[in-house]
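Residue numbers (the working numbering): 326 to 661. For each residue, glycine too, the CB sits at the ideal point set by N, CA and C. Written below as structure tokens is the structure these notes are about.
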């Protein structure tokens, strides 16, 4: 079952309805849905924000322990989130240690991370990690994904550091990528990478490969046995993800690539060639050819020799190709 788009989940939460009750928004772009969410949230919360400004002012004036107990006892999460948006960041930093993780999890789900960005960034990274663990335990992946652009890099490290491999598999496809997130994924601890490789099967690793650019997936796949890599490639090819397979070729070892191609059918290799030609994936084609042994190149040459004329013409005209890829195309032309 396809997971609902996080932008639709956010709109449904603001309106108090389920995602399947939102009609006519399936074809709307993610950017436009974010704008719509902001407009709805601002409109609905204007009166509430004026009322909760008094609550926030009260919280600023009383000691942290008392404010925390009062908030958890008398403020429902939606109201607490509105009040939190109006707090001074220093006060918010103090309060997050005075309430339970369960309540903070409820607040995080109700909170608008854009309007509350200063407050969110004031929360210590260790506490963010604890809240993340609470949300992961509830499988609130869409809520987690909304905070990527609102938190600092140390909080992202804390968040993904407590994620299980299956948490990562669920949340990664929902993320909006930025430099901080790239850094965190690139610097995943070796122990966590090994755990991902051990806990996810080939089909699940293929899903993760589709959610990550090849260069982001490289460190993970390097920890996977050769046979499993071949199974990942088979899963991608069986799903018709030929462009992803071409990109995958650039981050695996020649041994892994040969094992993957050995399991591929000629029809699947033809799909990869078509994806390379239509997507002008010349660098990926170079990696593919350079990593193959003689048997693999022979199969690829045969597939190229039988490729549709338009696809083969694009390969001949494309480039620049490396010397080995160019030679393969030339020898394939003789078979046509």
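Residue span of the alpha helix (DSSP H) that contains residue 607, given as start and end: 607 to 616
Start-to-end residues for the alpha helix (DSSP H) that takes in residue 571: 567 to 573
Helix, strand or coil at residue 486 [DSSP, three-state]: helix
Beta-carbon proximity of residue 475 to residue 439, cut-off 9 Å: yes
Element boundaries [alpha helix (DSSP H), containing residue 579]: 579 to 588
Rounded C-alpha distance that separates residue 537 from residue 567: 15 Å
Straight-line gap, residue 549 to residue 344 (C-alpha atoms, nearest Å): 37 Å
Three-state secondary structure (DSSP) of residue 422: coil
Where residue 326 falls: helix, strand or coil (DSSP): Since pLDDT at residue 326 reaches only 48, below the 50 mark, its modelled position is unreliable, and the value read off the structure follows with that caveat. In this structure, residue 326 counts as coil in the three-state DSSP scheme.
CB contact flag (residue 335, residue 471, <9 Å): yes
Nearest-angstrom Cα separation, counted from residue 420 out to residue 558: 49 Å
Proximity winner among 423, 460, 424, relative to residue 430 (alpha-carbon distances): 460
Residues near residue 553 by beta carbon distance below 6 Å, same chain, minus five either side: 527
Contact under 9 Å by Cβ, residue 434 with residue 465: yes
Close beta carbons around residue 613, own chain, < 6 Å, minus the five adjacent residues each side: 574
Meets three-Cβ-pair contact criterion under 8 Å: the segment 604 to 611 and the segment 641 to 654: yes
Distance, residue 556 Cα to residue 329 Cα: 28 Å
Residue burial classification, residue 362 (beta-carbon count within 10 angstroms, cutoff 16): buried
Reference residue 447, options 468, 422, 428, 426, closest by Cα: 422
Runs of beta strand (DSSP E) wholly within the segment 454 to 524 (minimum 3 residues, chain order): none
Residue 524 and residue 489 closer than 9 Å at C-beta: yes
Burial state of residue 619 (16 or more Cβ within 10 Å): exposed
is_contact[residue 535, chain B] using C-beta, thresh 9 Å: Judged by its chain identifiers, the structure shown contains no chain B, having just a single protein chain.
Residue 660 classed as buried or exposed, judged by whether at least 16 other C-beta atoms fall within 10 angstroms: exposed
Rounded distance between the beta-carbons of residue 522 and residue 569, thought under 8 Å: Not really, about 19 Å apart at Cβ, beyond 8 Å.
Assigned exposure category for residue 331 - 16 Cβ within 10 Å defines buried: buried
Residue 540 - DSSP class collapsed to helix/strand/coil: helix
Residue of 599, 518, 621 minimising C-alpha distance to residue 494: 518
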